[in-house]
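Going by numbering that gives the first Met the number 0, the residue at position 156 of the sequence shown is 155; the numbering climbs one at a time, nothing skipped.
Cβ atoms here follow ideal geometry from the backbone N, Cα and C, with glycine treated the same way.
The structure displayed is predicted, hence computed values, not measured ones.
A short write-up of the structure that comes next.
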Amino acid sequence: MKKKKPDYSHLSAAQPIGIFDSGVGGLTVAKEIKKLLPHEDLIYFGDTKHLPYGDKSREAIVGYSTRITNFLLEKNCKAVVIACNTATANALKEVLELVAERVPVIDVINPVAEKVSYEIHNNVGVIATKATVNSGLYKKSIRKHNKFIKVDELATPLLVPAIEEGFKNHPITHAIIYNYLSHSKLRNIETLILGCTHYPLLLDEIKQFYGNRVRVIDSPTIVANQLKIILEKHHLLHSGNPQPVYQFFLSDITKNFEKISKKFFGKSIDLELKVL
Ligand code: DGL
C-alpha cells in the first residue's frame with residue numbers, strides 16, 4: 000500500500016522550529032539555520048546532563064530523543080531538527096514514528112549522505128561518535144544513492160569531551176586530531192564528513208591537518224538548506240518577523256554552552272534549566 004503523505008495544514012508559519020542535540024554541537028546547525036532563515040523563532044534543547052550520547056546504549060539514546068521531541072512539540076514547534084548524528088543514527092525511526100504525522104522531522108545524516116552521493120567522490124571518510132559509527136548509517140545512506148562510493152567510518156570519541164571542555168586551539172585537541180586523522184582507515188580519502196555536529200567547532204584545526212588535500216563537508220549548511228526546502232514545500236516558512244525569539248533549554252547549564260551560544264546568538268540570550 001502506498002504511504003499516505005503527511006498533512007501539515009494544521010501548522011502555521013509563525014510557530015517556532017525545535018532543534019536538539021546532546022550539547023553544544025547542535026549550535027553549529029542552529030547557527031546556520033539562523034543565518035539562512037533569519038525570521039524564524041528557534042527553540043534549542045541541549046541535553047548536557049546526558050552528554051556524551053556517543054557512548055550510550057541505543058535504548059538510552061531513543062529515550063532521551065523521544066522525550067526531547069515531545070517537549071519540543073509541547074512548546075508548539077512546527078518542525079523538529081535532530082541536530083545530532085548520534086540521535087539520528089540511533090533514534091530517527093522512533094522519533095519519526097512518534098511525530099512525523101504531526102510535524103516534519105529533519106535529521107543531520109540523510110541530507111548530507113544524499114548530497115555527497117550525487118557528487119563524484121570515490122573515497123569518503125566519516126568521523127563520528129562510537130554510537131554513530133556502530134549504526135553504519137552513513138555508509139548505508141550514501142550507498143543507497145551511489146553504490147560505487149567507498150565509505151570508511153572511524154569512531155573519534157575523544158573529540159566531544161574535548162570540545163565540551165572548550166579545548167579549542169589547545170595542544171590536547173591537536174594531539175587528538177592528529178592521532179585520529181592519521182588512522183590508516185582515512186589514508187586515501189578525498190572527502191571527509193564530520194559525522195558529529197560538535198566537530199565543526201574544530202573545523203579550522205581539522206582543515207589545517209589536511210591542507211588542501213581533502214574536502215571537508217559543511218554539514219550544518221546542508222541541513223539548514225534541507226530544512227528550508229521542507230518548510231517551503233509545506234508553506235511553513237516564516238517571513239517578516241523582525242524580532243525572532245531564540246530560546247535555550249539545557250538539562251545542565253555549563254559554562255562552555257553559555258560561551259558558545261552567546262557567541263552565536265548574542266549576549267542577551269537566556270539559558271533555562273530543564274530536566275526531562
Ligand atoms: N553532537 C552529537 C552528534 O552529532 C553528539 C555527540 C555526543 O553527545 O556524543 O553525534
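- Look at the segment 222-272 and you find these whole runs of alpha helix (DSSP H), each 4 residues long or longer: 254-264.
- Out of Ile18, Gly124, Gln242, Lys3, the CA that lies nearest to the CA of Val222 is found in Ile18.
- A straight-line Cα-Cα distance of about 42 Å links Lys139 and Ser267.
- The residue among Lys146, Val104, Phe208 with its C-alpha nearest the C-alpha of Ile119 is Lys146.
- Within the chosen limit of 6 Å, the ligand DGL reaches the beta carbon of His197 through at least one heavy atom.
- With 16 or more other Cβ atoms inside 10 Å of its own Cβ, His237 counts as buried.
- Given a length threshold of 4 residues, each whole run of the alpha helix (DSSP H) inside the segment 97-158 is given here in chain order: 109-117, 129-134, 136-144.
- Placement of the Cβ of Pro51 at a distance of less than 6 Å from at least one heavy atom of the ligand DGL is found.
- Taking the Cβ atoms as the reference, Asp20 lies roughly 5 Å from Ala82, within the contact range of under 8 Å.
- Here DSSP, grouped into helix, strand and coil, assigns Gly17 to strand.
- Residue environment analysis places Ser181 among the exposed positions, since fewer than 16 neighbouring C-beta atoms fall within 10 angstroms of its C-beta.
- Taking a 10 Å sphere around the C-beta of Leu272, we find fewer than 16 other C-beta atoms and assign the residue as exposed.
- For Leu226, the closest C-alpha among the options Lys34, Lys3, Gly22, Leu200 is that of Lys34.
- Relative to the non-hydrogen atoms of the ligand DGL, the Cβ of Asn109 never comes closer than 6 Å to any of them.
- Take Val28, set aside five residues on each side of it, and the residues of its chain with a beta-carbon closer than 6 Å to its own are Ala82, Thr196, Pro219, Val222, in chain order.
- Only residues of its own chain outside the window of five on either side were considered, and among them Ile126, Tyr179 have a CB closer than 6 Å to the CB of Thr155, listed in chain order.
- Short note on Thr128: C-beta closer than 6 Å to some heavy atom of the ligand DGL.
- Distance between Asp54 and Gln14, taken at the CA atoms: about 34 Å.
- In summary, Ser183 is exposed, with fewer than 16 beta-carbon neighbours lying within 10 Å of its beta-carbon over all protein chains present.
- By the Cβ test, the segment 52-71 is not in contact with the segment 258-265, since fewer than three Cβ pairs between them sit closer than 8 Å.
- Exclusion of the five residues before and after Phe208 leaves Ile176, Tyr177, Leu180 as the residues of its chain whose Cβ lies within less than 7 Å of its Cβ.
- With a threshold of 6 Å, the Cβ atom of Asn211 does not count as near the ligand DGL, since no heavy atom of the ligand is closer than that.
- Exposed is the label assigned to Val244, since fewer than 16 other Cβ atoms lie within 10 Å of its Cβ.
- A direct Cα-Cα distance of roughly 22 Å separates Glu39 from Glu100.
- Per DSSP, the continuous beta strand (DSSP E) segment holding Ala78 begins and ends at 78-81.
- By DSSP's assignment, Ile42 forms a beta bridge with Gly17, Gln246.
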